[in-house]
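*Asks:* Below you will find the structure I want to go over with you.
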Amino acid sequence: MSIINDNVNNDNNGKNSFSIEIDNNCVGCGACVPFCEQEAITALGNATIDTEKCIECHVCVDYCTIGAIKVITK
Ligand code: SF4
Ligand code: SF4
Numbered sequence: 001m002s003i004i005n006d007n008v009n010n011d012n013n014g015k016n017s018f019s020i021e022i023d024n025n026c027v028g029c030g031a032c033v034p035f036c037e038q039e040a041i042t043a044l045g046n047a048t049i050d051t052e053k054c055i056e057c058h059v060c061v062d063y064c065t066i067g068a069i070k071v072i073t074k
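In terms of UniProt numbering, the numbers along the sequence shown are unbroken and rise by one, the last being 74.
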């Protein structure tokens, strides 16, 4: 398991050049929720990420055992 937590992919506006998204394979188990320190993930049915809260730290990606959380390059 690896945890990536950096800001090396910032573009000129200070925004990351990627986003964190949950795909349709999510089973709503909620396992990823407590690992988000921003409390950005809600798991009611398929989990969703509040993009206003998400700081794109990648931590949740490592805690979804089925790989439903993806890093999407913009
Ligand atoms: S990338 Fe970080 S802040 Fe965003 S939902 Fe995942 S754990 Fe939370
Ligand atoms: S994203 Fe993964 S860990 Fe989070 S609720 Fe969905 S299946 Fe569970």
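Built from N, CA and C at the ideal position, the CB exists for glycine as well.
(1) Cβ of VAL61 within 7 angstroms of any heavy atom in ligand 2?
(2) Less than 7 angstroms between C-beta atoms, sequence neighbours within five positions excluded: which residues of the same chain meet that for CYS54?
(3) So, residue 83 versus VAL59, is the Cβ gap smaller than 8 angstroms?
(4) Looking only at its own chain, which residues have a Cβ that is under 6 angstroms from the Cβ of CYS26, when we skip the five neighbours before and after it?
(5) Return helix, strand or coil for MET33, following the three-state DSSP convention.
(6) Would you mind sorting ASN24 into buried or exposed? The rule is 16 or more other CB atoms within 10 Å of its CB.
*Replies:* Once the coordinates are examined:
(1) As a position in the sequence shown, residue 61 is number 61, starting the count at 1. False, no ligand heavy atom lies under 7 angstroms from that Cβ.
(2) Your numbering for residue 54 matches position 54 in the sequence shown. Closer than 7 angstroms at the Cβ level, and outside the excluded window around CYS54, lie ILE20, GLN38, ALA40.
(3) The first residue shown for the chain is 1 and the last is 74, placing residue 83 beyond what the model contains.
(4) Residue 26 sits at position 26 when you count from the first residue of the sequence shown. ASN46, ALA47, ALA68.
(5) Locating residue 33 in the sequence shown gives position 33, where the first residue counts as 1. The residue asked about is misnamed: residue 33 is Val in this sequence, not Met. Here VAL33 sits in helix by DSSP.
(6) Taking the sequence shown and counting its residues from 1, one reaches residue 24 at position 24. Burial call: exposed.
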